[in-house]
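Okay, so here's the structure we're looking at.
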Ligand SMILES: Nc1ncnc2c1ncn2[C@@H]1O[C@H](COP(=O)(O)OP(=O)(O)OP(=O)(O)O)[C@@H](O)[C@H]1O
Ligand SMILES: [Mg+2]
């Protein structure tokens, strides 16, 4: 059975979608079969970040409601072998998407893929709880600022309450100069405030923004510090001992 990794945050815009795209691309490039699922109905954008906007026809809700086979909804990336994407409904969540439907969807995905990476919308909601209930690992993504860290703490508490077996933190958009000037929290502060162990740190990197604007996955960028950070994180998920990168 594959491993289900659910990626969440309390506050919006912390970098969940960028994380899912970057880490899933590396897991696939390392030879794994990976399904990355956008669950952000009404506000989906993982397809843009991965450059797959014109490839996707059916959503995970279509699969749950029996409107299509899973095999027609999971679409392989045109350039990244082994990376498949399942998108979210474009506008609203249709009635009939139940906890049991989500459980079956995830169980089916786990039987076909080595890794299932779930990109959640922001906020602590019962909807996210349905996906978290299927997780082997939840990653809380936070930026090192007060509002995001408070949201991360709320999310981590909910994940503990929901009984998620493993919860790890990724601190994104780290700007060393602000940390040096004591104008931003450092990684230790972030870990203390959210109260979960660290999976990785990702630096602020314009390449993240540029790659999604041109619809070219970051894994294709020649030099990107953020991509190196996602590579390290993917290796840790694969069980390798990789030291924290110096930012
Ligand atoms: N390390 C980074 N360096 C620079 N920009 C980044 C970085 N990570 C994310 N961004 C940018 O921040 C914005 C929000 O990122 P992203 O969409 O991944 O966040 P999100 O948590 O998925 O947001 P939402 O809660 O709306 O789903 C995007 O414009 C993205 O390009
Ligand atoms: Mg997102």
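Numbering (the working numbering), first residue to last: 2 to 248.
Just so it is clear, CB atoms sit at the ideal spot from N, CA and C, and this is done for glycine as well.
query                                                                                  : result
Segment limits, beta strand (DSSP E) that includes residue 103                         : Not the beta strand (DSSP E): residue 103 falls in the alpha helix (DSSP H), residues 100-113.
Between the CA atoms of residue 170 and residue 199 - distance to the nearest angstrom : 5 Å
One or two residues paired with residue 39 in a DSSP bridge                            : 120
Rounded separation between residue 215 and residue 223 - CA only                       : 15 Å
Residue 29 versus residue 225 - alpha carbon distance                                  : 18 Å
One or two residues paired with residue 85 in a DSSP bridge                            : 36 and 77
Contact the stretch 102-109 vs the stretch 63-71: 3+ CB pairs below 8 Å                : yes
For residue 173, three-class secondary structure by DSSP                               : strand
Three-pair Cβ contact test at 8 Å for the stretch 51-63 versus the stretch 126-142     : no
C-beta contact flag for residue 7 and residue 234 at 7 Å                               : no
Residue 21 versus residue 182 - alpha carbon distance                                  : 31 Å
Beta-carbon proximity check, residue 60 vs residue 209, cutoff 7 Å                     : no
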